Each structure stands twice: as structure tokens, then as C-alpha cells.
Amino acid sequence: MKKLGYWWSEQTEPHDLVFEVVEHLTDNQGYHSTNNINHARLYGNISYRDLGSGNLVQRAKTSAKNRVTLNIIQSMCDTVTARVAKAKPMATYLTTGGDWAMQRKAKSLTKFTAGQFYGSKIYEVAPRVFLDACVFGTGVMKIFEHDGEITCERVFPDEIVVDDLEARYGNPRQMFQRKIVDKQVLASLFPEFADEIRDASPVEDNDSIYKASEQVECIEAWHLPSSKGAKDGRHVITIENATLMDDSWERDEFPFAFIRWTNRLLGFWGQGLAEQLTGIQVEINRLLRNIQQQMHLATPKVFVESGSKISKAHINNEIWGVIEYAGTPPQFFVPKTVSGEIFTHLDRLFNRAYEIAGVSQLAAGAKKPAGLESGVALREFQDIESERFLMVAKAYEQLFLDAAAQMVDIAREVSERGDEFEVISHGDDDIEKIKWSDIDLDRDEYVMKVYPTSLLPTTPAAKLQKVIEMLQAGMISQQEAKALLDYPDLESVNSMATASQELFNMIIERILDKGIYQSPEPYMNLSMGIGMMQSAYLRAKINQVPEVRLDLFRRFIEDSIGMLAKMQAAAQQPAPMPMGAMGPGPDAPQQGAPPAAMPDEVAAAEAAAAPIPTA
121 MKKLGYWWSE QTEPHDLVFE VVEHLTDNQG YHSTNNINHA RLYGNISYRD
171 LGSGNLVQRA KTSAKNRVTL NIIQSMCDTV TARVAKAKPM ATYLTTGGDW
221 AMQRKAKSLT KFTAGQFYGS KIYEVAPRVF LDACVFGTGV MKIFEHDGEI
271 TCERVFPDEI VVDDLEARYG NPRQMFQRKI VDKQVLASLF PEFADEIRDA
321 SPVEDNDSIY KASEQVECIE AWHLPSSKGA KDGRHVITIE NATLMDDSWE
371 RDEFPFAFIR WTNRLLGFWG QGLAEQLTGI QVEINRLLRN IQQQMHLATP
421 KVFVESGSKI SKAHINNEIW GVIEYAGTPP QFFVPKTVSG EIFTHLDRLF
471 NRAYEIAGVS QLAAGAKKPA GLESGVALRE FQDIESERFL MVAKAYEQLF
521 LDAAAQMVDI AREVSERGDE FEVISHGDDD IEKIKWSDID LDRDEYVMKV
571 YPTSLLPTTP AAKLQKVIEM LQAGMISQQE AKALLDYPDL ESVNSMATAS
621 QELFNMIIER ILDKGIYQSP EPYMNLSMGI GMMQSAYLRA KINQVPEVRL
671 DLFRRFIEDS IGMLAKMQAA AQQPAPMPMG AMGPGPDAPQ QGAPPAAMPD
721 EVAAAEAAAA PIPTA
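Under the numbering used here, think of the first position of the sequence shown as 121, with each following residue one higher.
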């Protein structure tokens, strides 16, 4: 076996050695590309010639144009993708033993990541990456910096090259990406190598008649540091005749996030749903071809003796038609159609495929089972189906965690270069610009977790039933229940019903984040505000919030209690005498004055009049 040198330790330009290593690995690991091509053919009913280094060419076989197909692989992969990849996981950051300042940084870091997720369009890229995992076994997402912004990109699995021996346990130390790039685009990125890029050999496609551009093969290579803090990590971008970029690599992971449908016992690549169903799909295709051929041959025939002088025009569909003949009469023959055993075998394979995938035929057809009308029944049915995809759903969430970690590392690297990196975060009520310098945390200072966008069922009946159960159990209030039922026709009602709660939450956030005080108003639900402010005050006390901001909580509570006391006193004043011809007295309430306090508000004010402990 030929022994190749260590390209990452060479002092000279490594492009020759990088291309030699990649070519050697590709030639000796061609089975991987062959399997991917076969699975792509089965999924798309199209013959793909190449998925990797060459142009992506589709060849539709002439013999297959009119062929009856029953593509269970495409149906299964699309159904699972729609089921799992509809979620929009969010990464949240929790500090490990941090003070209030670190906790606020962690909260802002969560907003930073959420804004980066939407800015990089990760929720558009991730479902396509998940579909790649279903078809090819492994889905690949690349996270990198481009023009000062963090970008997410879907990568064909065939573009990634690793050493199977080095990646025996799934953790290779070097990785390559082969990509076809337009020469003009590459020259604009590396103008100092414009001559070398122009002289590089273009990728040829003998089947193409017209070439709109010249493509060149570009290889990007990474080698991870041997240990934390080691300086032997390397990152290069090469073409066949030049090294376009040569830099160090200090991160302990590659700039990719991977997801696998099923992990194999050994090796780097996963096993896809298409591979699990390949045998059944091939057998179904064979049966369908035989059935189609037999059905075409099973047409009625008429046997006419030679010399019987029977006119073919008399053999037609006319009722009570007359056929004249001489000699032997014509014989009509209807051959037998396809045997029922073949259809039984076909149905057995069809059902077996759904059992392997864990997908119900009703889910594949976007139908609900007959007789399941209640929210509880629908939710139980969905939960049973969801258990089959629990592991792959966790893998999909981990994809976002890995992407978030990559984004944080990139933002830190940009900031260390002296460039200010900032992200626009879109909140529920406002837009906030977050700078990395304000939220910089080391990895050992926080724990990153993921939570789904919605923990409620998706169907209206099941969602309503779940909210009712939570309301009856006392887990949520009526206002929170209305907020959870975000039906379009209830949107305006929800916004009005939850206005008080949202207002006090905004005041609390302003006190904690910016130290801004907002005075209570008589038109507020002050009894609710006092309770929420007391809870927020105690939580801030536990989190060691600075005393200057605790004073703002105490000030708001005291101002609210005083305002309720005045409203109580006004309510206890005797009613004014009938005015008759006289005008209103000086003590009469003015038009537009705040309403008198209700009994529940007075009781809340009396209960809240207890002194608040101060530091």
C-alpha cells in the first residue's frame, strides 16, 4: 500500500499532496459513492450519474418513462421529514453557578443564537439536511463565515471525504470537502490567484453540448489540533495547481453539523431509511414490471381459421352483431389475468415497508384514523407514532445544538480579530441589536440545551384538549390558556386578554436588563402587577441582582400600594347630594377620572401592604 505524507505538517504548499490523498481515498472507498447514487436513484426514479466531484447529471431511462411505479422510499422519506423536520428547535443557555450578570449574558446569548438562526436561514436548510439523512444515511450542514456573516449551507454527503480507517470509531482527525466551483466566482474570492485559477483544468462533462461556464474542482481540507492548545491544526483551500488559502485551525471540531438516520456499529457514515428499504423497493419494482407486462398481454384474442373468409370488420363491439363465416367458426379467447398471489405478495411487501419505517399509511396519506374524533384519542395516536422517531428527533435537535456551538465559535473568532460582530434579534414585541462583546462567555461557563418551539399537539382538537387538561389541573391560568390557543380567529381576543400580563412582563424585563423604571398607572391591573412584581423581586433577590435594580421593584410595589390606597379612599367617600339646579360640587368625580377600586383590588392592596424586606 502506498504511504502518503502528512499534508498538514508540510512546510511547503500542500495542494499536490492534498489532491493525491483525496484521490487515493476516493478510489479505495468508492463503495460509499456507489451506494449514494443507488439510493438517489431509488428515491427520485431518476438515474444519477454522479453526485460528487463531477457535474450533477440526471439521466432518465427511456425504458422507464412509461413504467408503473410504487415509490415507497420517497413516500417514507418525505413523510418522516414532514413529521420530524417541522419542528424549529431553539438553543437556550444556562449558566453553571454564575451570578446575575452571567445569567443576563446567558439570556442575551440565547437571543443572539435565535437571531442568528433566523438570519442564517437554518430552518430552511435543516429539513433538506434531514432528508439527506433519510436517503443517504448522513446529512451534512456547513456553518461558516462569508462576507462578515454566518452562513448555513447544505452539503452533499458525497462531497465529504474521510479516511475510513481513521474514522473507524466515528471521530476522524482530518476531513476534506470536494466542491465544483465556477472559475469566475473563485477568482473573485482569491484575486491574487486569478492566473492559477484560469490555468486550472476544468471539470469536463462529455454529455453537455453547451457550457455556460467553466467549473474547477476545489478541495477544502481540515486537520484538527492534536490536543487542546496545540498549534498543529491546519485549514487549507486548494486547486490542483495552487494553494489558495493556508491557515491554522484551533477549533476541536470541523465546521460541519452532522445528522444520521441510524448509526452503524462502526464507521463514520450512517445508515439511511432508503438503504433499509432497498430490498423491498427492488422487489416491488420487479413485481410491478411483471404485473404490467402480464396485464398488457392479457387482452382478448380471436382465433380465425385460415381460409374461413371471415371479415375482420365484422368482429366489433356491436350488440347482436352478425359474423359470417365459412368452415370453422371463430373462437374467442380471454387469457387469465395476474394471479391473486402476486397481488397478495405485493401488499405484504408494501405493509412490511411501512412497519420498518415506523410510518402509518394514514400518516403518509395525511389522513386521520376513522373514528378518532376526540383530542385525547388523536393525541394518543400521534404519541404512539412519535415514539418510533424519538431517537431521530433527538438527533435533529442535536443538529441545531451543534450548529449553535459553531456559530458561537465563529462570532468569538471574528471578535478576536478586532471586528465587532452583532446580530439582529427579533423578539415578540421589539427588535434588538446584540453585540458579541456584550455577551461573550467561555464554553465552561454555560450549559446549552434545546427546547422545541411548541410542546402542544398540532391538531386543533388535540391542542384544545391538552390546554383544557392543563387548565383543570391548575398548571396554567385562564389568561395563559388563551395565549396557548393561538387560533387565527382568537388572535385579537388573546392580545386583549393577555395585555396586562404582557405589560408587567415588559416592565420587569426593562428593570432587569436596562434598569429603567416605569411608574404604575391607575388604569393598570395593579393587584396583578403587585403580585408579579413581588415574585420577580424575590427571584431577583435569589439571583443576586444589584441593589439599585431591587430598589426599582420595591419602588413600583410601594407606588402601586399607595395608588390603590388612594383609590380605596375615593371609593369610601359619601355620594354627592343631588345637584338639581346647582352645578357639581368640588368633591364630585371629574369626567374621565380613573374608576374606583374594585373590592378585589382593595383586598389585594391590603394583603400587599406588608413591608417588603430590604437589603
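No residue lacks a Cβ here, since even glycine has one placed at the ideal position from N, Cα and C. A quick note: this is a predicted structure, and the numbers were derived from the prediction, not measured.
Exercise. At what residues does the beta strand (DSSP E) containing H355 begin and finish?
Worked result: The sequence position of residue 355 within the sequence shown is 235, counting from 1. Where H355 is concerned, the enclosing beta strand (DSSP E) stretches over 354–359.
Problem set entry | Cα-Cα separation between V255 and I357, rounded to whole angstroms | In the sequence shown, the residue the question calls residue 255 occupies position 135. In the sequence shown, the residue the question calls residue 357 occupies position 237. It is roughly 29 Å from the alpha-carbon of V255 to the alpha-carbon of I357.
For this session: Counting only the same chain and skipping the five closest in sequence on each side, list residues whose C-beta sits under 6 Å from that of Y445.
Result: Here residue 445 corresponds to residue number 325 of the sequence shown, with the count starting at 1. Once the five neighbours on either side are set aside, the close Cβ partners of Y445 are S428, I430.
Problem set entry | Span of the beta strand (DSSP E), counted from its first residue to its last, around R298 | Translated into positions along the sequence shown, residue 298 becomes position 178. Per DSSP, R298 belongs to the beta strand (DSSP E) from 294–302.
Problem set entry | Coil, strand or helix - D367 by DSSP | Mapped onto the sequence shown, residue 367 falls at position 247. In the structure shown, D367 sits in a strand (DSSP, three-state: E or B).
Problem set entry | Of the residues F232, G290, I359, F376, the one placed nearest I300, counting alpha carbons only | Taking the sequence shown and counting its residues from 1, one reaches residue 300 at position 180. That would be I359, whose Cα lies nearest to the Cα of I300.
Exercise. With distances taken between CB atoms, is the gap from D558 to S535 smaller than 8 Å?
Worked result: What you label residue 558 is simply residue 438 of the sequence shown in a count that begins at 1. What you label residue 535 is simply residue 415 of the sequence shown in a count that begins at 1. Not in contact: D558 and S535 (Cβ atoms no closer than 8 Å).
Problem set entry | alpha helix (DSSP H) segment containing K686, residue limits | Position 566 of the sequence shown, counted from the start, is the residue given in the question as residue 686. Segment 667–692, the alpha helix (DSSP H) holding K686.
Exercise. Going by alpha carbons, who is nearest to G290 out of A418, F374, G387?
Worked result: Locating residue 290 in the sequence shown gives position 170, counting from the first residue. With distances taken between Cα atoms, G290 lies closest to G387.
For this session: Using DSSP bridges, identify the partner residues of M261.
Result: Walking along the sequence shown from the start, residue 261 turns up at place 141. Per DSSP, R274, A377.
Exercise. Bridge partners of W342, per DSSP?
Worked result: On the sequence shown, position 222 is the one that residue 342 refers to. In DSSP, W342 forms a bridge with M295, H355.
Problem set entry | Short Cβ contact (8 Å threshold) for F296 with A341 | If you number the sequence shown from 1, residue 296 lands on position 176. If you number the sequence shown from 1, residue 341 lands on position 221. By the CB criterion at 8 Å, F296 and A341 fall inside the cutoff.
Exercise. How do the stretch 233–249 and the stretch 257–267 stand: do at least 3 beta-carbon pairs fall below 8 Å, yes or no?
Worked result: Yes, the stretch 233–249 is in contact with the stretch 257–267.
Exercise. When you compare only the Cα positions, how much space is there between A690 and G682?
Worked result: Here the question's residue 690 lines up with position 570 in the sequence shown. Here the question's residue 682 lines up with position 562 in the sequence shown. So the alpha carbons of these two residues sit roughly 12 Å apart.
Exercise. Would S639 be called buried (16 or more neighbouring beta carbons within 10 Å of its own) or exposed?
Worked result: Here residue 639 is taken as the residue at index 519 of the sequence shown, counted from 1. The residue is exposed, with fewer than 16 neighbouring Cβ atoms inside 10 Å.
Exercise. Would you call the stretch 405–423 and the stretch 460–469 touching, i.e. three or more CB-CB distances under 8 Å?
Worked result: Flag = yes, the stretch 405–423 and the stretch 460–469 touch.
For this session: Could you check the C-alpha separation between A654 and E475 for me, to the nearest Å?
Result: Here residue 654 refers to the residue found at position 534 of the sequence shown. Here residue 475 refers to the residue found at position 355 of the sequence shown. The question names Ala, but residue 654 is Gln in the sequence shown. Q654 and E475: Cα-Cα distance of roughly 54 Å.
For this session: Express the C-alpha separation of L670 and P375 in angstroms, rounding to a whole number.
Result: For this step, residue 375 is matched to residue 255 along the sequence shown. For this step, residue 670 is matched to residue 550 along the sequence shown. Whole-angstrom Cα-Cα distance: 43 Å.
Problem set entry | Buried/exposed call for P731, threshold 16 Cβ in 10 Å | Locating residue 731 in the sequence shown gives position 611, where the first residue counts as 1. With a pLDDT of only 47 at P731, under the threshold of 50, the placement of this residue in the model should not be trusted; the figure read from the coordinates follows. Burial check for P731: the Cβ neighbour count within 10 Å stays below 16, so the residue is exposed.
Exercise. On the three-state DSSP scale, how would you describe L397?
Worked result: Numbered from 1 along the sequence shown, position 277 holds the residue referred to as residue 397. Looking at L397 - three-state DSSP - the assignment turns out to be coil, as it is neither helix nor strand.
Exercise. Within the chosen definition, does the stretch 526–534 reach the stretch 264–272 through at least 3 CB pairs nearer than 8 Å?
Worked result: The stretch 526–534, when compared against the stretch 264–272, does touch it at the 8 Å Cβ threshold.
Exercise. Shortest alpha-carbon distance to G635 belongs to which of L623, E667, S647?
Worked result: Taking the sequence shown and counting its residues from 1, the one referred to as residue 635 is at position 515. Relative to G635, the option among L623, E667, S647 whose CA is nearest is E667.
Exercise. Hey, would you say T363 sits closer than 8 Å to E133, going by beta carbons?
Worked result: One-based indexing of the sequence shown puts residue 363 at position 243. One-based indexing of the sequence shown puts residue 133 at position 13. Going by C-beta atoms, T363 is nearer than 8 Å to E133.
Exercise. Rounded C-beta distance between A660 and L632? I'm assuming under 8 Å.
Worked result: Here the question's residue 660 lines up with position 540 in the sequence shown. Here the question's residue 632 lines up with position 512 in the sequence shown. About 7 Å; that satisfies the 8 Å criterion.
Problem set entry | For L107, the three-state DSSP class (helix, strand or coil) | No information on residue 107 is available, as it lies outside the stretch 121 to 735 that the chain covers here.
For this session: Could you give the DSSP three-state label for A362: helix, strand or coil?
Result: Against the sequence shown, residue 362 aligns to sequence position 242. For A362, the secondary structure class from DSSP, reduced to helix, strand or coil, is strand.
Problem set entry | CA-to-CA distance, N383 to R354, given in whole angstroms | Within the sequence shown, the letter at position 234 stands for residue 354. Within the sequence shown, the letter at position 263 stands for residue 383. C-alpha separation (whole angstroms): 28 Å.
Exercise. Near D522, which residues of its chain fall below 6 Å by C-beta distance, leaving aside the five closest residues on each side in sequence?
Worked result: Sequence index remark: in the sequence shown, residue 522 carries index 402 (1-based). Cβ-Cβ distances below 6 Å link D522 to A377 in the same chain, with the five nearest sequence neighbours on each side left out; the list follows chain order.
Exercise. What is the residue span of the alpha helix (DSSP H) that V141 lies within?
Worked result: Stepping through the sequence shown from its first residue, residue 141 is reached at position 21. Per DSSP, V141 belongs to the alpha helix (DSSP H) from 135–148.
For this session: Spatial neighbours of Q194 within its chain, please: CB distance less than 6 Å, with the 5 preceding and 5 following residues excluded, ordered by chain position.
Result: On the sequence shown, residue 194 is found 74 positions in, with the first residue counted as 1. Same-chain partners within the cutoff: Y163.
For this session: Helix, strand or coil for V442, going by three-state DSSP, please let me know.
Result: Numbered from 1 along the sequence shown, position 322 holds the residue referred to as residue 442. Reduced to three states, the DSSP call for V442 is coil.
Exercise. What residue range is occupied by the uninterrupted beta strand (DSSP E) comprising I554?
Worked result: Along the sequence shown, one-based indexing puts residue 554 at 434. Unbroken beta strand (DSSP E) run through I554: 551–555.
Problem set entry | Delimiting residues of the beta strand (DSSP E) encompassing V245 | Locating residue 245 in the sequence shown gives position 125, counting from the first residue. Not the beta strand (DSSP E): V245 falls in the alpha helix (DSSP H), residues 242–256.
Problem set entry | Host beta strand (DSSP E) of V422 (start-end) | On the sequence shown, position 302 is the one that residue 422 refers to. V422: member of the beta strand (DSSP E) spanning 421–423, first to last residue.
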